[in-house]
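**Student:** Would you mind keeping the following structure in view while I ask a few things?
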Amino acid sequence: MSTEPIAPGGAGGATLEHHPILRFDGLSKEFGRGGARVLAVDDVSLEVREGELVTIVGPSGCGKSTLLKIAAGLQRASGGSVSSRGEEVTSPSPHIGMMFQTPVLFPWRTTLENVLLPVDVAKADRGAAQTRAQTLLDRAGIGAFAQRYPTELSGGMQQRAALTRLLMQDPDLMLMDEPFGALDEFSRDDMNLHLLDVWAQSGKTVVLVTHSIQEAVFLADRVMVMTPRPGRLAETIEVDLPRPRELAMTTTPEFQEIVLEVRRVLGAL
Amino acid sequence: MPSEVAVHAPAGAGGEPLARRLRGLLLRRWHLAATLAVVVLAVLLWSWLAKVVNPILLAPPGDVWDALRTLTGVGAFWSSVGVTAREMAIGWAGGVAIGLALALVAVRWKTVRDALYPYVVVFSAVPKVVLLPLFAAWVGVGMPSTIMLTVVACFFPTYVSAFVGLSQTSGDALDLMRSLRAKPRQLLLMVQLPGALPMIFTGLKASMTVAALGAVVGEFYGARTGLGFLINSYATNLETPYVYAVIIALSLLALLLYFAVELLQRLVIRWPASP
Chain A
610 MSTEPIAPGG AGGATLEHHP ILRFDGLSKE FGRGGARVLA VDDVSLEVRE GELVTIVGPS
670 GCGKSTLLKI AAGLQRASGG SVSSRGEEVT SPSPHIGMMF QTPVLFPWRT TLENVLLPVD
730 VAKADRGAAQ TRAQTLLDRA GIGAFAQRYP TELSGGMQQR AALTRLLMQD PDLMLMDEPF
790 GALDEFSRDD MNLHLLDVWA QSGKTVVLVT HSIQEAVFLA DRVMVMTPRP GRLAETIEVD
850 LPRPRELAMT TTPEFQEIVL EVRRVLGAL
Chain B
179 MPSEVAVHAP AGAGGEPLAR RLRGLLLRRW HLAATLAVVV LAVLLWSWLA KVVNPILLAP
239 PGDVWDALRT LTGVGAFWSS VGVTAREMAI GWAGGVAIGL ALALVAVRWK TVRDALYPYV
299 VVFSAVPKVV LLPLFAAWVG VGMPSTIMLT VVACFFPTYV SAFVGLSQTS GDALDLMRSL
359 RAKPRQLLLM VQLPGALPMI FTGLKASMTV AALGAVVGEF YGARTGLGFL INSYATNLET
419 PYVYAVIIAL SLLALLLYFA VELLQRLVIR WPASP
């Protein structure tokens with residue numbers, strides 16, 4: 610904890626509190642100009658702590674993807690601010706990585722080469738990275754497909770490869786934009802468990818956007834519920850279910866209780 | 179291991195039931211037989227028509243065959259083949275190079291794209307053949323003006339397909355590369371260009387068919403050698419079998435060069451096609 614930078618004039622003990630890995634402060638985002646202006650995100654403030662797994666759930670068009678892209682430095686906010694560990698996010702940063710609904714695997718690269726993409730972009734040496742990439746693929750259960758092309762992989766395996774590429778990039782904060790939204794229910798359950806595994810082992814911070822309430826509750830330490838037009842943060846719900854989580858948990862009354870609460874927030878507005 | 183591994187393992191060779199393979203073979207045989215039947219029927223129809231119609235309009239197949247055999251023994255014919263082949267190859271390479279270069283620049287810099295756009299639209303509407311007299315005046319009739327026409331004709335299909343191919347990179351792919359802090363040059367070389375290759379090759383092949391057209395039309399206009407010149411002079415002398423023979427030779431040449439591009443595509447694009 611002592612490695613955390615001390616803010617000028619800040620009280621020592623409160624430093625960590627004030628430098629969360631992700632912080633939105635009165636964030637808003639407008640699209641278009643003049644009369645065609647649309648307020649996509651309105652006055653969103655939130656803090657994500659180191660090592661936390663936060664999910665943002667809401668219907669289509671509530672601005673949750675926009676929120677994530679602003680956090681990744683891919684888009685600029687129209688108002689308010691976004692910071693990570695006390696530094697304003699204005700452009701992509703090496704300690705913030707992103708995963709998308711489409712796996713974005715390039716068909717001319719083998720699965721292994723796709724995982725090595727961050728290494729190639731950084732113009733780093735492939736040598737040692739190759740061993741690490743293979744190990745990560747093995748851990749993801751698709752090591753045998755390292756030399757295959759992504760078009761030969763199923764949808765679930767493609768997202769495993771995309772997650773492996775994100776781990777290869779090795780960011781502290783992983784932003785995931787509906788990463789399993791296009792998968793069938795079986796692959797989706799499978800990927801949720803895999804993600805929890807990866808998260809528990811890596812100690813990374815995850816912010817995952819989804820429109821599945823079940824998924825949001827199953828994964829999260831905290832669920833942030835967003836409502837659309839304009840996108841507002843309606844409520845934050847703590848999920849105090851024990852970890853490690855198992856699929857059987859989704860049938861327990863405690864789980865259903867939280868799901869209902871999320872539904873109530875979404876329905877009431 | 180994920181449960182879907184087994185289901186989606188790529189289908190390897192073998193393992194195909196014998197019955198199905200046999201049926202496929204028979205089916206392919208049948209297709210081949212049908213294709214050959216069309217050729218035989220066409221030649222029969224042609225022979226019959228040639229007896230009815232004036233032979234200046236329609237040469238009998240036997241005469242065309244003789245003409246072909248005569249031509250292949252003549253050095254001037256082969257030098258004409260060489261001239262036309264060179265015009266096609268050089269014109270194609272030139273047009274393709276300019277088309278690719280401009281497409282790359284246009285995709286990379288929005289200012290260039292916006293500045294070029296109206297000219298590309300207007301210029302692509304011009305039937306390129308009408309420029310031939312200008313080219314002849316500038317660089318001389320025969321090979322120079324023919325190559326110039328072929329360059330101009332090949333430029334458009336290449337530029338358009340390369341530009342479209344380079345521009346179709348998905349938003350997620352762009353975001354991924356930006357989040358990895360890739361430089362514009364890396365984005366171009368690692369994502370846009372390889373992603374555009376299938377489209378680019380479509381343009382390269384279309385350009386090759388246009389190159390054959392450009393070369394022959396160019397030779398019609400004052401050339402002293404080349405297959406287009408041969409067709410023109412045989413037609414003027416009413417030596418119809420030779421006209422047909424040269425048309426066949428030209429078609430074979432165009433087909434050969436087209437397949438050369440196809441072969442290049444297979445060498446460059448080695449990954450499996452996206453479903």
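Chains A and B are the protein sequences, given in the same order. For the first sequence, my numbering gives the first residue as 610, with consecutive numbering after it. For the second sequence, my numbering gives the first residue as 179, with consecutive numbering after it. Idealized CB from N, CA, C, for every residue including glycine.
Please name the residue in Leu433/B, Leu434/B, Val446/B, Ala427/B whose C-alpha comes closest to that of Leu249/B.
**Tutor:** It is Ala427/B.
**Student:** How would you call Gly404/B, buried or exposed, if buried means at least 16 neighbouring beta carbons within 10 angstroms?
**Tutor:** That one is buried.
**Student:** In whole angstroms, what is the alpha-carbon distance linking Ala809/A and Glu659/A?
**Tutor:** Looking at the two C-alpha atoms, the distance is approximately 13 Å.
**Student:** Counting contacts by CB-CB distance shorter than 8 Å, is Pro372/B in contact with chain A?
**Tutor:** Cβ-Cβ to chain A under 8 Å: yes for Pro372/B.
**Student:** According to DSSP, which residues form a beta bridge with Glu697/A?
**Tutor:** For Glu697/A, which the question treats as bridged, DSSP gives the partners Ser692/A.
**Student:** DSSP three-state call for Gly641/A: helix, strand or coil?
**Tutor:** Correct three-state label for Gly641/A: coil.
**Student:** Can you name, in chain order, every residue of its own chain whose Cβ lies under 7 Å from the Cβ of Pro335/B, other than the five neighbours on each side?
**Tutor:** Closer than 7 Å at Cβ, skipping near neighbours: Gly381, Ala384, Ser385, Val388.
**Student:** Closest Cβ-Cβ distance between Ala686/A and chain B: below 8 Å?
**Tutor:** Output row for Ala686/A: interface = no.
**Student:** From Met321/B to Leu726/A, what distance separates their C-alpha atoms?
**Tutor:** Rounded to whole angstroms, Met321/B to Leu726/A spans 48 Å at the Cα level.
**Student:** List the residues that DSSP assigns as beta-bridge partners of Asp786/A.
**Tutor:** Looking at the DSSP assignment, Asp786/A forms a beta bridge with Val818/A.
**Student:** Give the list of continuous alpha helix (DSSP H) stretches no shorter than 4 residues that lie fully inside the region 372-397 of chain B.
**Tutor:** You should have found no qualifying run.
**Student:** Starting from the C-beta of Tyr412/B, find all residues in its chain whose C-beta is less than 8 Å away, skip the five residues before and the five after it, and write them out in chain order.
**Tutor:** Contacts found: Thr418, Tyr420, Val421, Val424.
**Student:** Closer than 8 Å, Cβ to any Cβ of chain B: which residues of the region 727-745 of chain A, in chain order?
**Tutor:** Residues Pro727, Asp729, Val730, Ala731.
**Student:** Using a cut-off of 7 Å between C-beta atoms, extract the partners of Gln171/B located in chain A.
**Tutor:** Nothing can be reported for residue 171/B, as the shown portion of chain B is limited to 179 through 453.
**Student:** Report yes if the CB atom of Tyr399/B is closer than 8 Å to the CB atom of Ala267/B, and no otherwise.
**Tutor:** No, the Cβ-Cβ distance between Tyr399/B and Ala267/B is not below 8 Å.
**Student:** Closest by CA to Asp353/B, which one among Arg642/A, Thr675/A, Gln739/A?
**Tutor:** Nearest C-alpha to Asp353/B: Thr675/A.
**Student:** Can you check the region 253-316 of chain B for any alpha helix (DSSP H) of at least 4 residues that lies completely inside it and give the ranges in chain order?
**Tutor:** DSSP runs (the alpha helix (DSSP H)) wholly in the region 253-316 of chain B: 253-286, 288-303.
**Student:** Could you tell me which of Leu648/A, Thr720/A, Leu677/A sits nearest to Arg838/A, measuring between CA atoms?
**Tutor:** Nearest C-alpha to Arg838/A: Leu648/A.
**Student:** Taking only beta-carbon positions, decide if Ser452/B is within less than 8 Å of chain A.
**Tutor:** Yes, Ser452/B counts as interfacial toward chain A.
**Student:** Given a threshold of 16 other Cβ atoms within 10 Å of its Cβ, counted over all protein chains shown, does Trp287/B qualify as buried or as exposed?
**Tutor:** That one is exposed.
**Student:** Taking CB distances under 8 Å as the criterion, tell me whether Gly706/A reaches chain B.
**Tutor:** For Gly706/A, the answer is yes, since a Cβ of chain B falls inside 8 Å of its Cβ.
**Student:** Between Leu445/B, Glu265/B, Leu442/B, which lies nearest to Thr328/B when the distance is taken from Cα to Cα?
**Tutor:** Nearest C-alpha to Thr328/B: Glu265/B.
**Student:** Helix, strand or coil: which one does DSSP assign to Ile846/A?
**Tutor:** If DSSP states are grouped into helix, strand and coil, Ile846/A belongs with the strands.
**Student:** Just mark Lys678/A as buried or exposed, buried being the case when its beta carbon has 16 or more other beta carbons within 10 Å.
**Tutor:** Classification of Lys678/A: buried, given that the 10 Å Cβ count is 16 or more.
**Student:** On the criterion of 16 or more Cβ atoms from any shown chain inside 10 Å, does Pro788/A qualify as buried, or is it exposed?
**Tutor:** Flag for Pro788/A reads buried.
**Student:** Do the CB positions of Val285/B and Ser345/B come within less than 8 Å of each other?
**Tutor:** In this structure, Ser345/B lies closer than 8 Å to Val285/B by Cβ.
**Student:** With a threshold of 8 Å between beta-carbons, can Thr711/A be considered close to chain B, or not?
**Tutor:** By this cut-off, Thr711/A is an interface position.
**Student:** Is there contact here, the region 220-232 of chain B with the region 352-371 of chain B, by at least three beta-carbon pairs under 8 Å?
**Tutor:** Because the criterion of three Cβ pairs below 8 Å is not met, the region 220-232 of chain B and the region 352-371 of chain B do not touch.
**Student:** Taking Ser357/B as the query, report the chain A residues whose CB atoms sit under 8 Å from its CB, ordered along the chain.
**Tutor:** Per Cβ cutoff of 8 Å: Ala681, Gly682, Leu683, Pro701, Ile705, Gly706, Met707.
**Student:** Could you give the distance in angstroms between the alpha-carbon of Val308/B and the alpha-carbon of Gly272/B?
**Tutor:** Cα to Cα, the separation comes out at about 20 Å.
**Student:** With a CB to CB cut of under 8 Å and the five nearest residues on each side skipped, what residues in its chain are close to Arg741/A?
**Tutor:** These residues qualify, in order along the chain: Met777.
**Student:** Are the Cβ atoms of Val657/A and Ile630/A separated by less than 8 Å?
**Tutor:** Yes, they are a contact pair.
**Student:** Less than 8 Å between the CB atoms is what I'm expecting for Met783/A and Lys813/A, so what's the real figure, rounded?
**Tutor:** Contact flag correct, Cβ pair sits at about 6 Å.
**Student:** So Lys673/A and Gly840/A are in contact, right, with Cβ under 8 Å, and what is the actual spacing, rounded?
**Tutor:** At roughly 7 Å, the Cβ-Cβ gap stays under 8 Å, so Lys673/A and Gly840/A are in contact.
**Student:** Work out the CA separation of Ser339/B and Cys332/B for me, nearest whole Å.
**Tutor:** The straight-line gap from Cα to Cα measures roughly 12 Å.
**Student:** Of all the residues that make up the region 336-361 of chain B, which are near chain A by a beta-carbon distance shorter than 8 Å?
**Tutor:** For the region 336-361 of chain B, which is checked against every Cβ of chain A, the residues closer than 8 Å are Ser348, Asp350, Ala351, Asp353, Leu354, Met355, Arg356, Ser357, Leu358, Arg359, Ala360.
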